[in-house]
């Protein structure tokens with residue numbers, strides 16, 4: 001008699017990823033539900049892990065306060081937020097707190113989406129964002145980063161930071177849309193113009209159909225401490241018409257920066273004496 005045929009058994013492929021890789025996959029799997037929470041089974045499915053492995057890793061992450069339980073679900077924990085805050089310069093929080101009232105003034109004047117951003121390396125970090133009554137899809141988000149060369153806030157900050165600008169110009173310039181400046185000579189010329197005019201424009205360079213205008217908030221020594229911008233959809237938003245309002249608010253914000261620096265300097269002298 002022929003030998004009996006053994007039934008075919010599907011053996012799951014071995015997952016050779018290191019534990020840290022699996023844990024990072026889990027953290028990335030939260031997506032937009034990072035605050036509201038996700039169940040173990042769904043996280044395991046998204047991360048490509050078995051439920052038992054996901055449960056074990058979540059337990060380890062929970063003990064380290066990287067995730068926390070919300071009923072039967074998990075969400076990102078406080079430790080991650082603390083770690084994220086250390087990525088940026090300590091002065092960024094002070095800059096945001098000092099300039100938020102002026103960003104609110106800009107929003108009140110325009111009713112458009114407005115941003116407050118700073119330079120971090122060759123990228124911009126968005127410290128604050130207020131959405132207009134008719135918000136437009138934009139790649140910016142609070143705490144998020146974008147390459148400086150493709151945004152109005154980034155270009156206006158690069159224009160006053162020659163060393164950082166040189167670093168940007170020496171590297172390949174990624175194109176996000178057909179309008180993004182990807183030629184180093186063209187970008188260098190654009191930064192020269194911005195430095196002369198004190199204002200930058202983004203005509204669909206970061207996202208098609210999104211226009212933006214930005215100016216620096218100047219600090220002592222003629223260097224910007226941040227940039228403010230107004231953004232809107234190209235079909236109805238004309239950045240150049242908003243320039244006077246933006247310049248006025250940024251000038252008032254710059255005066256506040258100088259007052260704060262003088263007050264801090266006076267307080268320091270008092271402590272020393």
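Numbering (the UniProt record's numbering), first residue to last: 1 to 273.
Glycine is no exception: its CB is placed at the ideal position from the N, C-alpha and C atoms.
Owing to the predicted nature of the structure, the values given are computational and were not obtained by experimental measurement.
Buried versus exposed, by CB contacts within 10 Å (16 or more), residue i
i	result
residue 229	buried
residue 192	exposed
residue 199	buried
residue 225	buried
residue 239	buried
residue 121	exposed
residue 115	buried
residue 93	exposed
residue 232	buried
residue 202	buried
residue 146	buried
residue 112	buried
residue 194	buried
residue 253	buried
residue 29	buried
residue 264	exposed
residue 61	buried
residue 186	exposed
residue 249	buried
residue 70	exposed
residue 170	exposed
residue 83	exposed
residue 255	exposed
residue 227	buried
Separation of residue j from residue i, as counted between CA atoms
i	j	result
residue 41	residue 154	41 Å
residue 139	residue 26	24 Å
residue 100	residue 247	16 Å
residue 188	residue 162	10 Å
residue 22	residue 64	16 Å
residue 178	residue 150	11 Å
residue 18	residue 57	12 Å
residue 34	residue 266	44 Å
residue 167	residue 184	11 Å
residue 98	residue 217	12 Å
residue 157	residue 96	16 Å
residue 325	residue 180	The displayed coordinates of the chain run from 1 to 273. Any statement about residue 325 would go beyond what the structure contains.
residue 174	residue 190	16 Å
residue 53	residue 104	47 Å
residue 20	residue 172	31 Å
residue 55	residue 137	36 Å
residue 80	residue 44	20 Å
residue 148	residue 48	34 Å
residue 143	residue 125	6 Å
residue 11	residue 24	With a pLDDT of 40 at residue 11, under the threshold of 50, the predicted position of this residue should be treated as unreliable, and no value is reported.
residue 76	residue 37	8 Å
residue 46	residue 32	13 Å
residue 165	residue 133	35 Å
Counterpart residues of residue i in DSSP-defined beta bridges
i	result
residue 123	120, 147
residue 257	Answer is none; residue 257 lacks a bridge partner.
residue 115	129, 229
Contact with chain C by residue i, beta-carbon distance below 8 Å
i	result
residue 174	You won't find chain C in this structure, because it holds only one protein chain.
(request) Answer yes if the segment 127 to 136 comes into contact with the segment 254 to 263, meaning at least three C-beta pairs across the two stretches below 8 Å, and no otherwise. (result) no
(message) Restricting to runs no shorter than 4 residues, where is the alpha helix (DSSP H) found entirely within the UniProt domain "HTH iclR-type" (17 to 78)?
(response) 19 to 28, 40 to 47, 51 to 63
(message) Restricting to runs no shorter than 3 residues, where is the beta strand (DSSP E) found entirely within the segment 142 to 230?
(response) 145 to 147, 200 to 203, 210 to 218
(request) Could you tell me whether the segment 199 to 217 touches the segment 234 to 252, where touching means 3 or more Cβ pairs closer than 8 Å? (result) yes
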